[in-house]
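Novice: Mind looking over this structure? Questions follow.
Protein chains: 2
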Amino acid sequence: MKKRVLISDIAKALGISVTTVSFILNDKAKEKRISDALIKRVLDYVKKVGYKPNQLAKSLRTGQTKILGLLVEDIANPFFSNVAKYIEMQAYQAGYHIIYCSMDNDEMKAKELIQLFMDRQVDGFIITPSEGLEATIENIKQNNTPLVLFDRFMPNVETNYVVSDNKRGAYDATKHLLEAKNKRVGLISLYSNQTQMRDRLEGYMEAMDEFRTQSFVKKIDLVGTDEESKAQILEFVVDNNLDAVLFATNYLAVDGLKALKEAKVPLPKMVAFDEHTLFKLHDPSISVISQDIEALTKELIATLIAEIEGKLKEVRQLTIPCSLIIRESSI
Amino acid sequence: MKKRVLISDIAKALGISVTTVSFILNDKAKEKRISDALIKRVLDYVKKVGYKPNQLAKSLRTGQTKILGLLVEDIANPFFSNVAKYIEMQAYQAGYHIIYCSMDNDEMKAKELIQLFMDRQVDGFIITPSEGLEATIENIKQNNTPLVLFDRFMPNVETNYVVSDNKRGAYDATKHLLEAKNKRVGLISLYSNQTQMRDRLEGYMEAMDEFRTQSFVKKIDLVGTDEESKAQILEFVVDNNLDAVLFATNYLAVDGLKALKEAKVPLPKMVAFDEHTLFKLHDPSISVISQDIEALTKELIATLIAEIEGKLKEVRQLTIPCSLIIRESSI
DNA sequence: GCAATCTACTAAATTTATTTAGCACATAAT
DNA sequence: ATTATGTGCTAAATAAATTTAGTAGATTGC
Chain A
6 MKKRVLISDI
16 AKALGISVTT
26 VSFILNDKAK
36 EKRISDALIK
46 RVLDYVKKVG
56 YKPNQLAKSL
66 RTGQTKILGL
76 LVEDIANPFF
86 SNVAKYIEMQ
96 AYQAGYHIIY
106 CSMDNDEMKA
116 KELIQLFMDR
126 QVDGFIITPS
136 EGLEATIENI
146 KQNNTPLVLF
156 DRFMPNVETN
166 YVVSDNKRGA
176 YDATKHLLEA
186 KNKRVGLISL
196 YSNQTQMRDR
206 LEGYMEAMDE
216 FRTQSFVKKI
226 DLVGTDEESK
236 AQILEFVVDN
246 NLDAVLFATN
256 YLAVDGLKAL
266 KEAKVPLPKM
276 VAFDEHTLFK
286 LHDPSISVIS
296 QDIEALTKEL
306 IATLIAEIEG
316 KLKEVRQLTI
326 PCSLIIRESS
336 I
Chain B
6 MKKRVLISDI
16 AKALGISVTT
26 VSFILNDKAK
36 EKRISDALIK
46 RVLDYVKKVG
56 YKPNQLAKSL
66 RTGQTKILGL
76 LVEDIANPFF
86 SNVAKYIEMQ
96 AYQAGYHIIY
106 CSMDNDEMKA
116 KELIQLFMDR
126 QVDGFIITPS
136 EGLEATIENI
146 KQNNTPLVLF
156 DRFMPNVETN
166 YVVSDNKRGA
176 YDATKHLLEA
186 KNKRVGLISL
196 YSNQTQMRDR
206 LEGYMEAMDE
216 FRTQSFVKKI
226 DLVGTDEESK
236 AQILEFVVDN
246 NLDAVLFATN
256 YLAVDGLKAL
266 KEAKVPLPKM
276 VAFDEHTLFK
286 LHDPSISVIS
296 QDIEALTKEL
306 IATLIAEIEG
316 KLKEVRQLTI
326 PCSLIIRESS
336 I
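Residue numbers (this note's numbering), protein chains in the order written: chain A, 6 to 336; chain B, 6 to 336.
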């Protein structure tokens, strides 16, 4: 195991001070009027011995870790794992790394993890906030730690966020189902006050109202088992004799498909929120409201890094359009 | 923004030295014969002011970052995102955090990322090694950085690894297909020398040989497009008039299902490696060889942490059984 | 001719912890 | 009476960088 090269080794080898080497390596050479000859000599030597500054020492001194904390509901959910992939790619481009964790809708765990990440002095947070986290988010703000909310936001906390246009997405999907002459169109959502769920409900309602049609809304318990969820969806669809259903999340749609398949009930027309590998392949293939993960994550990282670098003058709150992808299940 | 409490603030407030506080906080009080009364006084005060040591300073001094580097093929693949979830949970229990990235079968990117993680002084690596990484892995070993390979290993590099019993899994699945009187049973795998692929081929071959049956093996190019992959699978299945197919990965199976669906070719009997949300719901539901992700990740983290803490006396190489889950597609 | 400014650097402080070496006093052993 | 050991703590070194404040000599201004 060969010893790491230190900045002091370089200074000693070239007969100059550590300070000078540091200035040159941190692009302060011009400002400090260091001669071009010396700059070249240092840079060449640094390349030759392959010197890399110790990130820990650098972070301790500057207070910047170049690490971002990613807290999502569940990293195993295909939507979030896709997000995680793109976020990592975008962050890497900008010289940042990601530490992540799943919060599993567990308020205590979420609080603890945010605190742990703060103790680790992450440069910024990317969070899909679950309910009850207002105070914790407020705490991050108080601490002046840069922060972007994602997928949903908190109306009572003024923060950056990047979300999809859920209302428009739900409106378009519902309208699409109504225009196809479906009479009884239901919405299956969650008992959740999160903004994305409220917006999806609003979009559904707006389309239903426009068509002067009775609405059917069933909410499912977030904390219930898959079996409970399936039973409730089945009952809702069958008892109301629905022609079409809009599912507010991909896993609700998956539960619905399972329940209807097991009960051998013919599938109503349907559209689901968020892609899922299953949907393209299912028979019939499932229409979806697809979020533009690449655009979302790009804006997300750009916003976060702008705030970290102090280039963000005011709170940035972005809404990215989503697109309705029509497949067999809705025609 | 209130100022962080430092260890020196505590020492000052209690009129003792920083050293003493450090000893007490790092469980060296007994060894250093510090009086019980003082221990209590310090601990109480620390709790009262909510002091948390600065991780960066601690890491700089001790050389331990309590961060593990996770490098997988593709974090968006449901198998790996599930792995990522369990790994994070297990690591969190042990006081570690995870930084991750996807290597996307890109040798250059992988090397660069491993170097970056080394520069960040991660305490250990969890890697699903792609081909051409022998030298890099060897380099990690030279550096004495703890390391566990996962999902596949490198026969020419003596390292810890935790993998599934791929050979047995493939053998069981193939035997199952043969016992169901399928005559022409094919294997669709990848052009890859990775051990998991070789073992799956071996398991298939062993069962085929046992039944004295001709084998049909098609390998797909790792770097090809989805469309190429689909075309080749379709051709292989149709031209050979196969009764049954074993797919060596979940995404090959997904490609196969897409290809056959689009071509309106009736589905042969099939089994796929690795779970996928799609498989339970597909019509027919797809039989799989399921890897025990919880057991794999548990052993993985236990091994890595044992090595980090110097408790591992010799290389640990584990093979975890997988289980054949029979669904509609194979009966 | 002397102060002011510029040039090209450097010594020392700083960041926040852990760890080594050792001090001063008390008691026990020879 | 002297040496050895134990007790309870601390000063200073250390980890590896960045940053502040400043210096010695050269040049310019009036």
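Glycine included, each C-beta is placed from N, C-alpha and C at the ideal position.
Everything numeric in this text was worked out from a predicted model, so none of it was measured.
Checking 7 Å against the spacing of the C-beta atoms, do A:Thr254 and A:Phe216 come in under that value?
Specialist: To locate residue 254 of chain A, count along the first sequence from 1; it is residue 249. To locate residue 216 of chain A, count along the first sequence from 1; it is residue 211. Contact: no.
Novice: Taking the straight line between their C-alpha atoms, what separation do you get for A:Lys316 and A:Val167?
Specialist: Translated into positions along the first sequence, residue 316 of chain A becomes position 311. Translated into positions along the first sequence, residue 167 of chain A becomes position 162. Cα-Cα distance, rounded: 17 Å.
Novice: Does the beta carbon of B:Gln60 sit closer than 7 Å to a beta carbon anywhere in chain A?
Specialist: The count along the second sequence starts at 1 and reaches residue 60 of chain B at position 55. By this cut-off, B:Gln60 is an interface position.
Novice: Could you spell out where the alpha helix (DSSP H) holding B:Asn171 opens and where it closes?
Specialist: Locating residue 171 of chain B in the second sequence gives position 166, counting from the first residue. Its alpha helix (DSSP H) spans residues Asn171 to Glu184.
Novice: So B:Gly74 packs on B:Phe122, CB below 8 Å; how close in whole Å?
Specialist: The residue labelled residue 74 of chain B in the question sits at position 69 within the second sequence. The residue labelled residue 122 of chain B in the question sits at position 117 within the second sequence. Sure, about 4 Å apart at Cβ, within 8 Å.
Novice: So that I know if they touch, is there some Cβ in chain B lying closer than 7 Å to that of A:Ala89?
Specialist: Walking along the first sequence from the start, residue 89 of chain A turns up at place 84. It does; some Cβ of chain B falls within 7 Å.
Novice: Quick check on A:Tyr97: does DSSP put it in helix, strand or coil?
Specialist: Mapped onto the first sequence, residue 97 of chain A falls at position 92. Looking at A:Tyr97 - three-state DSSP - the assignment turns out to be helix.
Novice: Going by the DSSP bridge assignment, what does A:Gln322 pair with across the sheet?
Specialist: Translated into the one-based positions of the first sequence, residue 322 of chain A becomes position 317. Beta-bridge pairing links A:Gln322 to A:Tyr166.
Novice: Quick check for students: name the residue ranges of the alpha helix (DSSP H) that lie wholly in the stretch 8-95 of chain A, counting only runs of 4 or more.
Specialist: Runs found: 12-19, 23-30, 41-54 and 60-67.
Novice: Residues in the same chain with beta-carbon distance under 7 Å from A:Gln296, minus the five sequence neighbours each way, listed in chain order, please.
Specialist: Here the question's residue 296 of chain A lines up with position 291 in the first sequence. Cβ neighbours of A:Gln296 beyond the five flanking positions: Ser169, Asp279 and Cys327.
Novice: Verify the CB distance criterion: does B:Ser27 have a CB-CB separation below 7 Å to chain A?
Specialist: Sequence index remark: in the second sequence, residue 27 of chain B carries index 22 (1-based). It does not; no Cβ of chain A falls within 7 Å.
Novice: Pop quiz: A:Leu182 and A:Val259 are said to be a contact at Cβ under 8 Å. What is the actual Cβ separation, rounded to whole angstroms?
Specialist: Here residue 182 of chain A is taken as the residue at index 177 of the first sequence, counted from 1. Here residue 259 of chain A is taken as the residue at index 254 of the first sequence, counted from 1. The pair is not a contact, with the Cβ atoms about 19 Å apart (cut-off 8 Å).
Novice: Between A:Leu309 and chain B, is the shortest Cβ-Cβ distance under 7 Å, so that the two count as touching?
Specialist: Counting from one through the first sequence, the residue named residue 309 of chain A turns up at place 304. No, no contact with chain B.
Novice: Between the alpha carbons of B:Ser15 and B:Ile44, how many angstroms are there, rounded?
Specialist: Along the second sequence, read from residue 1 onward, the residue named residue 15 of chain B stands at position 10. Along the second sequence, read from residue 1 onward, the residue named residue 44 of chain B stands at position 39. Reading the sequence as shown, one finds Ile at residue 15 of chain B and not Ser. Their Cα atoms are separated by approximately 13 Å.
Novice: Could you list the residues in the stretch 254-285 of chain B with a C-beta less than 8 Å from some C-beta on chain A, going in chain order?
Specialist: The stretch 254-285 of chain B vs chain A, Cβ under 8 Å: Val259, Leu262, Lys263, Lys266, His281, Thr282, Leu283 and Lys285.
Novice: So, with DSSP's three-state summary, where would you put B:Tyr105?
Specialist: Mapped onto the second sequence, residue 105 of chain B falls at position 100. Note: B:Tyr105 maps to strand in three-state DSSP.
Novice: Assign A:Ile193 to one of three DSSP states: helix, strand, or coil.
Specialist: What you label residue 193 of chain A is simply residue 188 of the first sequence in a count that begins at 1. In the structure shown, A:Ile193 sits in a strand (DSSP, three-state: E or B).
Novice: Using a Cβ-Cβ cutoff of less than 6 Å, which residues in the same chain neighbour A:Phe84 once the five nearest sequence positions on both sides are dropped?
Specialist: On the first sequence, residue 84 of chain A is found 79 positions in, with the first residue counted as 1. The residues are Asp279.
Novice: Of the residues A:Ser86, A:Ile298 and A:Lys274, which one's Cα is nearest the Cα of A:Ile291?
Specialist: On the first sequence, residue 291 of chain A is found 286 positions in, with the first residue counted as 1. The candidate whose alpha carbon is nearest that of A:Ile291 is A:Lys274.
Novice: Less than 7 Å between CB atoms is the rule here; does A:Ala115 satisfy it with respect to chain B?
Specialist: Indexing the first sequence from 1 puts residue 115 of chain A at position 110. No, because no Cβ of chain B sits closer than 7 Å to the Cβ of A:Ala115.
Novice: Using a Cβ-Cβ cutoff of 8 Å, what residues of the stretch 95-113 of chain A are near chain B? List them in chain order.
Specialist: Cβ contacts with chain B: Tyr97, His102, Ile103, Ile104, Tyr105, Cys106 and Ser107.
Novice: Can you find a CB in chain B that lies within less than 7 Å of the CB of A:Arg46?
Specialist: Residue numbering aside, residue 46 of chain A sits at position 41 when the first sequence is read from its first letter. Judged by the 7 Å Cβ criterion, A:Arg46 is not in contact with chain B.
Novice: Tell me which same chain residues have a C-beta within less than 6 Å of the C-beta of A:Gly208, skipping the five on either side of it?
Specialist: Stepping through the first sequence from its first residue, residue 208 of chain A is reached at position 203. These residues qualify, in order along the chain: Lys172, Ala175 and Tyr176.
Novice: Output yes or no for whether 7 Å exceeds the beta carbon distance between A:Lys235 and A:Tyr196.
Specialist: The residue you call residue 235 of chain A lines up with position 230 of the first sequence. The residue you call residue 196 of chain A lines up with position 191 of the first sequence. Cβ atoms of A:Lys235 and A:Tyr196: not closer than 7 Å.
Novice: Quick check on the DSSP output: what are the complete beta strand (DSSP E) runs of length 3 or more inside the stretch 241-267 of chain B, in order along the chain?
Specialist: If we require 3 residues or more, the beta strand (DSSP E) runs fully inside the stretch 241-267 of chain B come out as 249-252.
Novice: Using the beta-carbon count (16 or more within 10 Å), is B:Lys180 buried or exposed?
Specialist: Counting from one through the second sequence, the residue named residue 180 of chain B turns up at place 175. So B:Lys180 ends up on the buried side.
Novice: Applying the criterion that 16 or more other CB atoms from any shown protein chain within 10 Å of the CB defines a buried residue, is B:Asp336 buried or exposed?
Specialist: What you label residue 336 of chain B is simply residue 331 of the second sequence in a count that begins at 1. Inspection of the sequence shows that residue 336 of chain B is occupied by Ile rather than by Asp. B:Ile336 comes out exposed.
Novice: Go ahead and pull the three-state DSSP assignment for A:Ile142.
Specialist: Position 137 of the first sequence, counting from 1, holds the residue named residue 142 of chain A. If DSSP states are grouped into helix, strand and coil, A:Ile142 belongs with the helices.
Novice: Does B:Leu152 come within less than 7 Å of chain A when only Cβ atoms are used?
Specialist: For this step, residue 152 of chain B is matched to residue 147 along the second sequence. B:Leu152 does not count as touching chain A.
Novice: Who pairs with B:Phe155 in a beta bridge, going by DSSP?
Specialist: By one-based count along the second sequence, residue 155 of chain B stands at place 150. For B:Phe155, which the question treats as bridged, DSSP gives the partners B:Val167.
Novice: State the Cα-Cα distance for the pair A:Pro58 and A:Leu11, rounded to the nearest angstrom.
Specialist: Indexing the first sequence from 1 puts residue 58 of chain A at position 53. Indexing the first sequence from 1 puts residue 11 of chain A at position 6. Distance between the alpha carbons of A:Pro58 and A:Leu11 is about 7 Å.
Novice: Please say whether B:Ile313 and B:Ala96 have beta carbons closer to each other than 7 Å?
Specialist: Residue 96 of chain B sits at position 91 when you count from the first residue of the second sequence. Residue 313 of chain B sits at position 308 when you count from the first residue of the second sequence. In this structure, B:Ile313 does not lie closer than 7 Å to B:Ala96 by Cβ.
Novice: A:Lys90 and B:Ala81 - do their beta-carbons sit closer together than 7 Å?
Specialist: The count along the second sequence starts at 1 and reaches residue 81 of chain B at position 76. The count along the first sequence starts at 1 and reaches residue 90 of chain A at position 85. Yes, the Cβ-Cβ distance between B:Ala81 and A:Lys90 is below 7 Å.
Novice: Under 9 Å between beta-carbons, which chain A residues line up against B:Gln126? List them in chain order, please.
Specialist: Here residue 126 of chain B refers to the residue found at position 121 when the second sequence is read from its first residue. Neighbours of B:Gln126 on chain A, chain order: Asn59, Gln60 and Leu61.
Novice: By Cβ distance below 6 Å, which residues in the same chain neighbour B:Ala34 in space, the five residues on each side in sequence not counted?
Specialist: Walking along the second sequence from the start, residue 34 of chain B turns up at place 29. Phe28 and Ile44, listed in sequence order.
Novice: Just reading off the alpha helix (DSSP H) that A:Lys269 is part of, what are its end residues?
Specialist: Locating residue 269 of chain A in the first sequence gives position 264, where the first residue counts as 1. Here A:Lys269 belongs to no alpha helix (DSSP H), and DSSP marks it neither H nor E.
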